[in-house]
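These notes concern the structure reproduced below.
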Amino acid sequence: MSSNISAINVDASTNSQAQQEQKEQDEKNFKSLPFRGEHKKAISSVSFAPNLSNKSSALLCSASADGTAKIWSLSQEHMGLGCRVSGSKSVFTLPVTANFSGHARGINDVAWSRNATYIATASDDKSARLWDVETSTPLIDFQGHTNFVFTINFNPQSNLIATGSFDETVKLWDIRSGESVSTLPAHSDPVTSVDFNRDGTCIASGSYDGLIRIWDTATGECLKTIYADGNPSVSFLRFSPNGKYILSSTLDSKLRMWQVAGERRGGGKTRFFKSYGGPNGHVNTKFCAFSDFCIADKKRQSIVSGSEDGKLYIYDLQTMDLQQTLEGHSDAVLAVASHQEVPLIASGGMSNDKSVRFWLKMREDMEDEVEMYQ
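The sequence shown begins at 62 in the working numbering and counts up by one.
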């Protein structure tokens with residue numbers, strides 16, 4: 062009899078330990094929030110507003126092939142409710158906070174100014190636009206590209222905008238005058254991505270030609286050309302938050318981290334510092350899929366990537382191991398963004414999905430903030 066009781070106690074202890082381990086693992090993972098935004102056509106880009114003082118809320122702007130950009134607001138109450146009903150099959154549609162309409166064709170990309178006063182959009186109508194966030198009105202129409210404007214970004218000072226186009230050029234625009242201040246004959250194929258480094262002194266551009274080029278913002282000089290073995294097309298790139306690396310997505314279903322700080326100008330091939338993806342990783346062979354740094358959780362920093370199989374893939378920043386896959390979209394996920402202060406990811410689905418979804422990871426310092434809604 063006593064041996065049976067001992068066995069029961071051991072089993073109970075083992076189950077309790079397994080449950081605790083599972084709970085700890087669950088707390089490390091992102092979970093789907095029961096809210097979504099909606100567009101009439103595919104979601105092409107999502108971007109969080111920067112520098113929010115309230116770390117329990119977030120503003121997201123989404124851009125779509127339907128020719129509109131929309132702002133969605135996730136409040137502290139949304140976060141709390143999301144944690145309370147995480148796993149629920151009920152999904153609620155978020156109200157639109159602001160709507161930006163005026164492009165003649167679909168919008169490919171959207172970016173926020175540093176103080177979140179403006180957004181900028183890039184469109185298939187061959188133009189880019191600057192919008193006032195508070196009034197949703199267009200302020201400047203940037204004309205000059207001869208083909209689709211595919212990518213757009215502000216410099217850190219938010220007085221310049223860089224655009225990349227299917228006309229194979231990168232243009233710099235002064236947001237005060239609306240004039241083009243520089244045109245870089247950047248690539249031999251469409252430009253898919255542009256980004257400024259941390260202080261705005263350099264611009265990186267990526268292209269279907271397989272090249273990443275780094276440019277001096279002031280002079281337009283090409284400082285460095287980077288490419289991977291096999292020359293796969295570059296679908297997206299982003300400087301790391303510390304400005305020392307460039308993260309690139311390429312059409313061989315790989316993410317690569319390139320070390321660029323301290324590199325000599327010109328000659329010498331830059332080698333990638335880390336590589337993410339593999340047989341069980343994200344799929345990216347046809348479209349331009351975004352990726353981003355997830356750095357809000359200082360203990361578990363990671364990289365998130367969209368994928369053509371309808372999932373999001375999260376990789377450990379340091380070990381490069383696949384941490385988690387997020388499922389919920391019903392079509393390819395190309396638009397992905399991570400909030401830099403809140404452990405929150407947004408994603409957008411293509412034509413058969415057309416939804417903006419949100420994924421949250423609980424953080425220790427959020428527990429008290431969320432408690433009032435539970």
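Beta carbons: idealized from backbone N, C-alpha and C, even for Gly.
Using alpha carbons as the reference points, say which of the options lies closest to residue i.
i       : options                               : result
Thr-253 : Thr-230, Ser-238, Thr-286 and Lys-422 : Thr-230
Leu-405 : Glu-369, Gly-128, Ala-396 and Ala-357 : Ala-357
Tyr-288 : Asn-303, Lys-315 and Thr-207          : Lys-315
Lys-399 : Lys-101, Glu-138, Val-295 and Ser-106 : The residue you asked about is not Lys; residue 399 is Ser in the sequence shown. Of Lys-101, Glu-138, Val-295 and Ser-106, the residue nearest in Cα terms is Ser-106.
Phe-109 : Thr-331, Val-397, Tyr-306 and Thr-311 : Val-397
Asp-313 : Gly-304, Arg-332, Ala-350 and Thr-331 : Ala-350
Gly-225 : Ala-265, Gln-218 and Lys-101          : Ala-265
Lys-101 : Ser-162, Ala-247 and Leu-191          : Ser-162
Val-194 : Ala-247, Val-157 and Ser-184          : Val-157
Trp-420 : Phe-300, Val-171 and Glu-388          : Glu-388
Thr-212 : Asp-256, Asn-220, His-248 and Ser-249 : Asp-256
Cys-263 : Ser-93, Ala-322 and Ser-416           : Ala-322
Gly-410 : Glu-99, Val-344, Arg-175 and Arg-317  : Glu-99
Phe-300 : Asp-270, Ala-247 and Ile-364          : Ile-364
Tyr-337 : Tyr-306, Leu-378 and Ile-307          : Leu-378
Ser-184 : Phe-334, Tyr-306 and Val-171          : Val-171
Should residue i be listed as close to the ligand GTP, given that the test is whether its C-beta is under 8 angstroms from any heavy atom?
i       : result
Phe-419 : In terms of ligand content, the structure shown is empty, and the ligand GTP therefore cannot be addressed.
Determine the burial state of residue i: buried for a count of at least 16 other Cβ atoms within 10 Å of its Cβ, exposed for fewer.
i       : result
Ala-165 : exposed
Val-242 : exposed
Thr-286 : exposed
Lys-360 : exposed
Asp-127 : buried
Thr-196 : exposed
Lys-232 : buried
Asn-413 : exposed
Leu-272 : buried
Asp-186 : buried
Arg-332 : exposed
Thr-380 : exposed
Thr-129 : buried
Ser-352 : buried
Whole angstroms is fine: what's the gap from residue i's alpha carbon to residue j's?
i       : j       : result
Leu-284 : Asp-277 : 7 angstroms
Ala-103 : Gly-371 : 13 angstroms
Val-182 : Ser-134 : According to the sequence provided, residue 182 is Thr. The question's Val does not apply to it. Those two C-alpha atoms are separated by around 19 angstroms.
Ser-274 : Glu-138 : Note on identity: in this sequence residue 274 is Arg, with Ser being the wrong assignment. So the two alpha carbons sit approximately 43 angstroms from each other.
Pro-302 : Asn-214 : 15 angstroms
Val-403 : Trp-173 : 17 angstroms
Gly-167 : Thr-280 : 32 angstroms
Val-151 : Ser-136 : Looking at the sequence itself, residue 151 is Ser, so the reference to Val does not match. Roughly 19 angstroms separates the two Cα atoms.
Val-295 : Ser-310 : 6 angstroms
Leu-373 : Lys-422 : 14 angstroms
Ala-124 : Ser-408 : 11 angstroms
Arg-190 : Ile-201 : 6 angstroms
Glu-240 : Pro-340 : 46 angstroms
Arg-259 : Pro-111 : 14 angstroms
Ser-249 : Glu-282 : 17 angstroms
Asn-220 : Phe-297 : 23 angstroms
Asp-270 : Asp-290 : 13 angstroms
Arg-418 : Gly-304 : 28 angstroms
Gly-342 : Tyr-306 : 22 angstroms
Lys-89  : Lys-415 : 28 angstroms
Leu-94  : Ser-118 : 13 angstroms
Phe-334 : Ala-247 : 24 angstroms
Arg-175 : Arg-317 : 27 angstroms
Leu-245 : Leu-308 : 22 angstroms
Thr-198 : Gln-218 : 22 angstroms
Val-344 : Phe-153 : 29 angstroms
Would you check if the distance between the CB atom of residue i and the CB atom of residue j is smaller than 9 angstroms?
i       : j       : result
Ala-386 : Glu-369 : The sequence given here has Thr at residue 386, not Ala. No, these two residues do not count as a Cβ contact at 9 angstroms.
Phe-203 : Ile-222 : yes
Asn-216 : Gly-267 : no
Leu-383 : Phe-348 : no
His-206 : Asp-228 : yes
Asn-169 : Lys-131 : no
Gly-354 : Gln-401 : One point to set straight first is that residue 354 is Phe, not Gly, in the sequence displayed. Yes, Cβ-Cβ distance for Phe-354 and Gln-401 is below 9 angstroms.
Tyr-376 : Ser-391 : no
Ala-177 : Leu-120 : yes
Pro-251 : Asn-208 : yes
Phe-96  : Leu-155 : yes
Ser-188 : Val-210 : yes
Please report whether the beta-carbon of residue i lies at a distance below 9 angstroms from any beta-carbon of chain B.
i       : result
Ser-123 : This model lacks chain B altogether; it includes just one protein chain.
>> At 4 residues or longer, what runs of the alpha helix (DSSP H) sit wholly inside the segment 163-199?
In response: none
> Which ranges does the beta strand (DSSP E) cover as unbroken runs of at least 3 residues, wholly within the segment 330-412, from first to last along the chain?
Replying inline: The qualifying runs are 333-337, 352-355, 363-366, 372-377, 383-388, 394-399 and 405-410.
> Can you give, in chain order, each stretch of the beta strand (DSSP E) that sits fully within the segment 218-261 and has at least 3 residues?
Replying inline: 221-226, 231-235, 241-245 and 252-257
>> Which complete beta strand (DSSP E) runs does the segment 249-321 hold, if anything under 3 residues is left out?
In response: 252-257, 263-268, 273-277, 283-287, 295-300, 306-311 and 315-320
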